[in-house]
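Input: a single structure, listed below in structure tokens.
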Amino acid sequence: MRIILLTILLALMNNLAGQELLTECERSEGTCTFTYEAGIRFCEQIDSLSPYISLFAYGNTDAGEPLHLLVFDADKNFAPETTKEVLLINNAIHPGEPDGVEASLMIMRDLAKNEGLRKKYAGVRILVIPFYNIDGAMNRSAFSRANQLGPEEYGFRGSGKNLDLNRDFIKADALNTFAFYQIFHTWNPHVFVDTHVSNGADYPYTMTLIHSQEEKYGDHCASLLKTRLLPELFIRMKTRGEEMAPYVNVHGQSPDSGFTAFLETPRFSNGYTSLFDCISFVSETHMLKPYAKRVSATRLFLEELILLTQEVNPSLSINKDRLARAAYASRGHSYAIPYAWESSGICDSLRFKGYAAEYKPSEVSEQPRLFYNRSKPFEKNIPFCDDFKVIASGQSVRAYVIPQAWQEVVERLAANGVKVETLEGNDTFQVMEARILSFETMKFPYEGHYVHSQTKVRWSTQSRLFRKGDYLIIPDAKTEAFLANVLQPEAPDSYFNWNFFDAILQQKEWFSDYVFEDIAAEMLRNDPELKARLEDKKAADPHFAASAFEQLYFVYRNSPYFEESFKRYPVYLIPY
1 MRIILLTILL
11 ALMNNLAGQE
21 LLTECERSEG
31 TCTFTYEAGI
41 RFCEQIDSLS
51 PYISLFAYGN
61 TDAGEPLHLL
71 VFDADKNFAP
81 ETTKEVLLIN
91 NAIHPGEPDG
101 VEASLMIMRD
111 LAKNEGLRKK
121 YAGVRILVIP
131 FYNIDGAMNR
141 SAFSRANQLG
151 PEEYGFRGSG
161 KNLDLNRDFI
171 KADALNTFAF
181 YQIFHTWNPH
191 VFVDTHVSNG
201 ADYPYTMTLI
211 HSQEEKYGDH
221 CASLLKTRLL
231 PELFIRMKTR
241 GEEMAPYVNV
251 HGQSPDSGFT
261 AFLETPRFSN
271 GYTSLFDCIS
281 FVSETHMLKP
291 YAKRVSATRL
301 FLEELILLTQ
311 EVNPSLSINK
321 DRLARAAYAS
331 RGHSYAIPYA
341 WESSGICDSL
351 RFKGYAAEYK
361 PSEVSEQPRL
371 FYNRSKPFEK
381 NIPFCDDFKV
391 IASGQSVRAY
401 VIPQAWQEVV
411 ERLAANGVKV
421 ETLEGNDTFQ
431 VMEARILSFE
441 TMKFPYEGHY
451 VHSQTKVRWS
461 TQSRLFRKGD
471 YLIIPDAKTE
481 AFLANVLQPE
491 APDSYFNWNF
501 FDAILQQKEW
511 FSDYVFEDIA
521 AEMLRNDPEL
531 KARLEDKKAA
541 DPHFAASAFE
551 QLYFVYRNSP
561 YFEESFKRYP
571 VYLIPY
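Residue numbers for the sequence shown follow my numbering, beginning at 1 and rising by one.
This is the structure we're talking about:
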């Protein structure tokens, strides 16, 4: 019986190996894309066909399915540790933009079947997440991408929670994000690319490219990105007949007068991965190009990125940058860790191909509407502003201390490979402590949050007693940039700005004015300095002078009765 079953299994495998294994784009001659279920079956077939490719499943997602990872290694080594360069390709974070799903699975299929291709890519380990937003991929229709040419059906941008998962890499509201953390910190890629389809202007290019700003990296990674990877990618794509442009970052206007490069923050996939010295890209095919042409351009780009990752040795640059920071810290020095940038206003001249932007009356509103006249192509130099300057930084620290009440924060830190220790007994530390002075909050929810911005704090040195079980957060050369971006409250995508600490913004105890009147009067009699401050404020602020409550509250805020925890940020810094 066992021999019969084995014979049947071998026959099935031989039959499968002899069949032509096509992606849905190939099978449909450029009109369709994989459903989630069919795409995973395709991955399983590749896994069963080739010992050089292995399919892994990580964690759970909001769809109740694991996050799958397809791994190619020419040496059949599927332990995470490797001396090779590692490239991670992420697909279908926006499932209505499926070009990368098809392109990357074509490459993995060919690697399973083609020995020559395996030899060509022998020096690089290739990781592919086929579907990131799984529940979005399951929510298929033909209409959610009004501006996009094909495929016939595709998934939806929002997840099962209606989240844009490409805004979730810090707040981690989705289980998918925790599964990604596990993949990213297990396999430690040197290069990352997230595949997309763009909205925006009309132009001849099929492929455009976003790259994380070189200013965010150390000297060696920045040099590698600026002098090797970027120039070579543009040159090689043009050589292969698919000329590429920088991502055309304009909305509602024509690019013919120039544009500024897209500046991502850590909420985005490439902003997040760059925090860990991973050189990161976003490929953006053009929505108005036929689907099959977009898939082809994505495949060409991925092939060139694979080769370049193998050739330029980004791991060497990453290690040099981390060693430089670690050496500086070992000498007891603090150094700035940037967390906010803006355009410097320095622009280069970009040779750009476009279409004339014209206006004609709208048939809907009868108002002037923009259209691109493809009968009037142009090629000219335009300003391209791709230089950024740091506008805010935090200082590197020996450690952070977080009280044990803030479990959601510590859970996310640990999931990101941060070293977390628990205090074994009560202990007192000299710490830097922040008070929240001001912030702005969105009037409408954004990705499930009323996000803060423009946060301002005041730092002071305090001696604080921490309890057994509180958390000591230890930065290292790999995690310090991530920690600064999430724990420094003024950072754009800090946990504070994403509402993890909103409870500290509500005052819990108050006073009854008829009771506190007598206490306040006694305080003013005994404290001339407080009395003088009250009088000065009355003289300077007519509204304050006319409000009995505001004056009582002023005294209350400056009394021993006022709660110390109000707006005290519960993440403490132990400086060098």
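Using N, Cα and C, we set each Cβ at its ideal position, and we do this for glycine too.
| Asked | Found |
| --- | --- |
| Contact defined as beta carbons within less than 8 Å: I believe A434 pairs with Y569. What is the distance between those atoms, to the nearest angstrom? | 4 Å |
| Please tell me whether M432 and Y335 are closer than 8 Å, where the distance is taken between their beta carbons. | no |
| Pair every Cβ in the region 234-250 with every Cβ in the region 321-334, then say whether three or more of these pairs are closer than 8 Å. | no |
| Check A261 in the structure and name its three-state DSSP category. | coil |
| Would you give the residue range spanned by the alpha helix (DSSP H) that I474 belongs to? | Counting along the chain, I474 falls outside any alpha helix (DSSP H), though it belongs to the beta strand (DSSP E) covering Y471 to I474. |
| Classify K508 as buried or exposed, calling it buried when 16 or more other Cβ atoms lie within 10 Å of its own Cβ. | exposed |
| Pick from C347, D277, V101 and V410: whose alpha carbon is nearest that of K320? | D277 |
| Spatial neighbours of D99 within its chain, please: CB distance less than 7 Å, with the 5 preceding and 5 following residues excluded, ordered by chain position. | T195, V197, T285, R294, V295 and T298 |
| Just curious, the alpha helix (DSSP H) that Q310 is in, first and last residue? | Y291 to V312 |
| Report the three-state DSSP secondary structure of Y572 (helix, strand or coil). | strand |
| N90 by DSSP, collapsed to three states: which one? | strand |
| Is the region 21-39 in contact with the region 106-114, if contact means three or more CB pairs nearer than 8 Å? | yes |
| Since A577 and F178 are thought to touch, with beta carbons under 8 Å apart, how far apart are those beta carbons, to the nearest angstrom? | The displayed coordinates of the chain run from 1 to 576. Any statement about residue 577 would go beyond what the structure contains. |
| Are L87 and L225 close, meaning C-beta to C-beta below 8 Å? | no |
| Quick one: does the C-beta of Q213 sit closer than 7 Å to a heavy atom of the ligand PLP? | Inclusion of the ligand PLP in the displayed structure is not the case, the ligand content being empty and no account of it being possible. |
| Rounded to the nearest angstrom, what separates V193 and V397 at their Cα positions? | 31 Å |
| Evaluate Q367 with the Cβ neighbour count: other Cβ atoms within 10 Å of its Cβ, from every protein chain shown; 16 or more gives buried, anything less gives exposed. | exposed |
| Since I believe T33 is in contact with P151 (beta carbons under 8 Å), could you give me their beta-carbon distance rounded to a whole number of angstroms? | 5 Å |
| So, are the CB atoms of A137 and A92 less than 8 Å apart? | yes |
| Determine the DSSP secondary structure at M207, reduced to helix, strand or coil. | strand |
| What runs of the beta strand (DSSP E), each 3 residues or longer, lie entirely inside the region 426-454? | 427-441 |
| If you run the structure through DSSP and keep just helix, strand and coil, what is Q407? | helix |
| In whole angstroms, give me the CA-to-CA distance for H449 and S565. | 23 Å |
| Going by DSSP, which residues form a beta bridge with P368? | P361 |
| Just grab the DSSP bridge partners of Q462 for me. | V431 |
| Check the DSSP bridge columns for N381 and list the partner residues they point to. | R351 |
| Just how far apart, CA to CA, sit A17 and D168? | Note on A17: pLDDT 44, under 50, position unreliable in the model; the coordinate value appears next. Going by the C-alpha atoms only, they are around 40 Å apart. |
| Can you check whether the CB of L69 is closer than 8 Å to the CB of Y52? | no |
| Between the Cα of Y576 and those of D73, A245, E115 and Q395, spot the shortest distance and give me the residue it belongs to. | Q395 |
| With DSSP as the reference, please indicate the residues paired to E284 in a beta bridge. | H196 and T208 |
| Identify the continuous alpha helix (DSSP H) that holds R125 and give its terminal residues. | Note, R125: premise wrong, no alpha helix (DSSP H); beta strand (DSSP E) at V124 to I129. |
| Ordered along the chain, which non-local residues of its own chain (more than five positions away) have a Cβ less than 8 Å from that of T61? | L67, I134, D135, A174, L175, N176 and A179 |
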